[in-house]
Each structure stands twice: as structure tokens, then as C-alpha cells.
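Visitor: To start, I am sharing the structure in question, which I have written as C-alpha cells.
Number of protein chains: 2
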Amino acid sequence: MSKTKKQLVFEAAAELFMEKGYLAASMREIAKKVGLEQASSLYNHLKSKEEVLIKICLENAERFINGIAAVEQTSSTPIEKLKALIHLHISIATEDRTSVTVFNDEWRHLSEPHLNDFLTKRKDYENRFKKIIESGIASGDFKAVDPTIALYTILTSIRWIHYWYKPGRSQSVVDLERDVFVLLVEGLKN
Amino acid sequence: MSKTKKQLVFEAAAELFMEKGYLAASMREIAKKVGLEQASSLYNHLKSKEEVLIKICLENAERFINGIAAVEQTSSTPIEKLKALIHLHISIATEDRTSVTVFNDEWRHLSEPHLNDFLTKRKDYENRFKKIIESGIASGDFKAVDPTIALYTILTSIRWIHYWYKPGRSQSVVDLERDVFVLLVEGLKN
DNA sequence: ATTTAAAAAACGAATGTGCGTTCGTATGCA
DNA sequence: TGCATACGAACGCACATTCGTTTTTTAAAT
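Protein chains in written order, with the working numbering: chain A, 1 to 190; chain B, 1001 to 1190.
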């Protein structure tokens, strides 16, 4: 089953959003990228430019929330849970680079009520991530650092991967993950 | 010595660039922010919108390069040098929030030749930072991780601070720095 | 297979808007 | 008087989007 034109259009838009930023990417450029002469032709496949941004941001938010829900339901140690979350971030960042870039950097151009939706979901994710760190501190597995500082340091430190990673190198992802575990988990361990 | 109107204009522009992004911040909004009715009045104080972006990006690049040059000239251990660099990033991020945000996120809207200037300087900084990590690995002070992975993980992990930090809390910066040292340096130590 | 009707997709012109910037003029301070 | 600053109108441009029309594709009927 090959991709529909609609899928192609959405993917081209995501790529251009990643390369130039949401505002700098014009409908005319997106059209050219999928072989259309006129930007107006795009409107047979999408409702608006923002529709694409909304889809990317909300789909990725769901992905992260589903991921952390799965982690929460295991009976692993806090260390294992943290590793699973880092793995989640690295997986998503390497499997769907363009979407993650847009999700990370362009959400601020969402209009209401989508912006509020997005920020609520992200806050929820952060809170649940922080709870896992706090449980590790409480159990003595982790050092007694400020959980918020640990949370954002870890979350942010993974945000360079989608920028650095080039597709088609599955082995290097394993090496990458091993080193990131060393850097981020060993530092936190007691 | 109070601030000149030009300084006020540049600062207001930087703040708006931080809040909304460079492209979304309009000259008309900047004018309003400094009490001018007309955007055209701004042009008595600046040459163009991009002039402000160029100034912010290049000044900050210089700041980081001067900072790492000072660290290189000491005879400290790699561990001490790494701590000094993290301190440098945290200092700049807390002392000049708006500039660092723009420097981090908006440089891509520079036009040539400024974009090339900027990227060259940044690459130089990264290479020198990486050398320090490599020397720590060679001396056995650091674990034998991939230096590039360590570099970007550390560099990126500090990029949430300007977003989180609110001015007027000098004590918390000390605590912040202590916890960031634990997370990033301890993980790398052998 | 060929024809035919409907649906989907592409076109091209046009609309309205907001943008950065220029210019001539007016104001106010030294 | 002269200089820096502010004003307000105007310019040209690129943008997202709309609309009516034409072309292409699809699927059913002959």
C-alpha cells in the first residue's frame, strides 16, 4: 500500500517546517516540494497550514503520553523506568525526526485552543516524569538532587539527537543510547 | 549613566524575539513596547530588524569564545575545566536570558554572510569544547564515551535554563549549578 | 473494450492582510 | 539655528486562503 497524496503533502510540510521553521515555510514552497505548481492546489489535501502543525504536535504528545503510561504500569525499579523513558525519547527522535523537531520547536505557533491543549498535555507528561525521579530519590536509588532540575536537564539533553541523527544508521542508535545512559543515569545514581 | 534610547530599543527587540520568535515579532510591536506610536520611528535607532539579530548572535558567540579561551589557558584538570565551562553557560544564561534565547533559537534566520560567520564561530567553540572532553578521556579522568555524544548532551542539557530561570534569584543559581554538576560531571567521571 | 458520468485534483486569478522599510515633514530640545 | 527624534502616509512585497474553472482520475454502464 503506497502513500496517499495527503500523506506526502503532510510529510513535505513537516520537513519544511523542520528545515526553515513553521513561519518561514511557505505554502508555495510546500507545493513545489510535492510537485504542485500552485499553492492553492494544496487545499484539496489540507484545511490550512496550521492543521498540519496541530496534527504533528498533538500526535507526538499522544505518543509520549502513551509511552510513559506503559512505563508506569511496569513494576521496574526507578532506574529501569528512567532508562525506559530515555529509550522512548531516543526511539521517537530517531524514527520520526521531522515530527519531533516540529513538536519540540514550533508548538509555540499554535493558536488557541490548540496551544492550551498542547501545554496541558506536556505539563502532564513532565509531572509524571518527575514523579518517577522523585520515587527514585525517595527509595535511595537516586541522589537527592532537585527533581525539577534533574527532569529538565534530562529532557533537554535528549533534544539534540533529532538534529544530529541522520537516517539509516540503526547500529549507531544502540551505541548512542549506551553512552547517553552512562552520562545521564550514572550521574543520578547513588 | 542611564540607558540610551538605542539600548532600550535593542533590549525590547530582544525580549520580543524571545517571547514570540524573530519572525513573529513585528517592528510595530517593538515600537509599542518602547512607547513609540510608529514603527518608522525605530529607524532613528537601528538600521534594520536583522541588525538587532546579528548583534545578539555575534556578541554572544564572542562571549562564549572568550570564555572558553580563558578556560583553555588555565592548568586545571579536565574535570575542573568542564566545570568551568558549565559555569560559563549557566552564568550567561542567567545573566542575559533574552539574548541567550535568541542566540540559541533564532540564529537560523540570519542571512548570509552573517549566518556563515555565526556557524563558523559556533563550530569552533564546539571543537574546542570537544577537545577538553577528549583530553579528559585520554587522561583517564573521564569514561570512554563518544566525545561527540558527550559534547552535545552536555551543551544541550544546559539550554533549558534560560527558559526556566526567572531573574532575581541569585541564591538558587548556586543550588542549580551544584545539581547540574552532579548530573553531568559525575556521570562522565571514571 | 468503449463510453459516460461523477468525483478528485490541479490550476490561475484574485482578495485581503500584515510586513519591513522609505520619505518628507513636523516637533522639541541644545 | 541645528540636530536628533518622532510622526504619518505610502510603497512594494510575500503571505495564506478563496473561488470558479479546467483537467485528470476513477468507476460504473454499456
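Virtual Cβ for every residue (Gly too), placed ideally from N, Cα, C.
Could you tell me how far apart the beta carbons of histidine 1109 (chain B) and leucine 1053 (chain B) are, in whole angstroms, since I believe they sit closer than 8 Å?
Guide: With a Cβ gap of about 6 Å, histidine 1109 (chain B) and leucine 1053 (chain B) count as contacting.
Visitor: Can you confirm whether valine 1145 (chain B), when its beta carbon is compared against all beta carbons of chain A, has any partner nearer than 8 Å?
Guide: For valine 1145 (chain B), the answer is yes, since a Cβ of chain A falls inside 8 Å of its Cβ.
Visitor: Determine the chain B residues that contact glycine 21 (chain A) at a beta-carbon separation under 8 Å, and present them in chain order.
Guide: Under the 8 Å cutoff, chain B gives Gly1021, Leu1023, Arg1108, His1109.
Visitor: Pairing CB atoms from the stretch 96-108 of chain A with CB atoms from the stretch 156-166 of chain A, are three or more of them under 8 Å?
Guide: Cβ pair count under 8 Å is three or more, so yes.
Visitor: Between the stretch 163-178 of chain A and chain B, which residues of the former have CB atoms less than 8 Å from a CB of the latter, in chain order?
Guide: Of all residues in the stretch 163-178 of chain A, Trp164, Asp175, Leu176 have a Cβ within less than 8 Å of some Cβ in chain B.
Visitor: Interface residues of chain A around isoleucine 1149 (chain B) at Cβ under 7 Å?
Guide: The answer, in chain order, is Leu176, Asp179, Val180.
Visitor: Just curious, the alpha helix (DSSP H) that arginine 28 (chain A) is in, first and last residue?
Guide: That run of the alpha helix (DSSP H) goes 27-33.
Visitor: Mapping the DSSP letters down to three states, classify glutamine 1038 (chain B) as helix, strand or coil.
Guide: Correct three-state label for glutamine 1038 (chain B): coil.
Visitor: Chain A partners of tyrosine 1125 (chain B), CB-CB under 7 Å?
Guide: In chain order: nothing, as chain A lies at least about 15 Å away.
Visitor: Could you tell me the distance, in whole angstroms, from the CA atom of aspartate 1179 (chain B) to the CA atom of lysine 1123 (chain B)?
Guide: About 28 Å.
Visitor: With a cut-off of 8 Å, do at least 3 Cβ pairs link the stretch 40-58 of chain A to the stretch 75-87 of chain A?
Guide: Result no; under three Cβ-Cβ pairs closer than 8 Å.
Visitor: Examine chain B for any beta-carbon lying closer than 8 Å to the beta-carbon of leucine 183 (chain A), and answer yes or no.
Guide: For leucine 183 (chain A), the answer is yes, since a Cβ of chain B falls inside 8 Å of its Cβ.
Visitor: Which residues in chain B sit within 7 Å of serine 157 (chain A), going by Cβ to Cβ distance?
Guide: Correct list: Thr1153, Thr1156, Ser1157.
Visitor: Looking at C-beta atoms only, is the number of pairs between the stretch 1008-1015 of chain B and the stretch 1032-1041 of chain B that lie closer than 8 Å three or more?
Guide: Result yes; three or more Cβ-Cβ pairs closer than 8 Å.
Visitor: What residue range is occupied by the uninterrupted alpha helix (DSSP H) comprising histidine 162 (chain A)?
Guide: Histidine 162 (chain A) -> alpha helix (DSSP H) spans 161-164.
Visitor: Considering Cα atoms alone, identify which of A:Leu8, A:Ala39, A:Leu151, A:Val71 is closest to glutamate 204 (chain A).
Guide: Here chain A covers residues 1 to 190 and nothing more, so residue 204 (chain A) does not appear.
Visitor: Between the beta-carbon of leucine 82 (chain A) and the beta-carbon of valine 185 (chain A), is there less than 8 Å?
Guide: For leucine 82 (chain A) and valine 185 (chain A), yes; Cβs fall inside 8 Å.
Visitor: Which stretch, first to last residue, makes up the alpha helix (DSSP H) that contains glycine 67 (chain A)?
Guide: Here the alpha helix (DSSP H) through glycine 67 (chain A) covers 49-73.
Visitor: What did DSSP end up calling lysine 3 (chain A) once you bin it into helix, strand or coil?
Guide: Three-state result, lysine 3 (chain A): coil.
Visitor: Could you pull the start and end residues of the alpha helix (DSSP H) that isoleucine 158 (chain A) belongs to?
Guide: Taken as a continuous stretch (DSSP letters only), isoleucine 158 (chain A) belongs to no alpha helix (DSSP H), as it is neither H nor E.
Visitor: Please report the residue range of the alpha helix (DSSP H) in which alanine 1093 (chain B) lies.
Guide: 1078-1095 is the extent of the alpha helix (DSSP H) around alanine 1093 (chain B).
Visitor: Beta carbon of lysine 1130 (chain B), beta carbon of threonine 1156 (chain B): below 8 Å?
Guide: Their beta carbons are not under 8 Å apart, which means lysine 1130 (chain B) does not touch threonine 1156 (chain B) by this criterion.
Visitor: Do methionine 27 (chain A) and lysine 47 (chain A) have their beta-carbon atoms positioned less than 8 Å apart in this structure?
Guide: Cβ atoms of lysine 47 (chain A) and methionine 27 (chain A): not closer than 8 Å.
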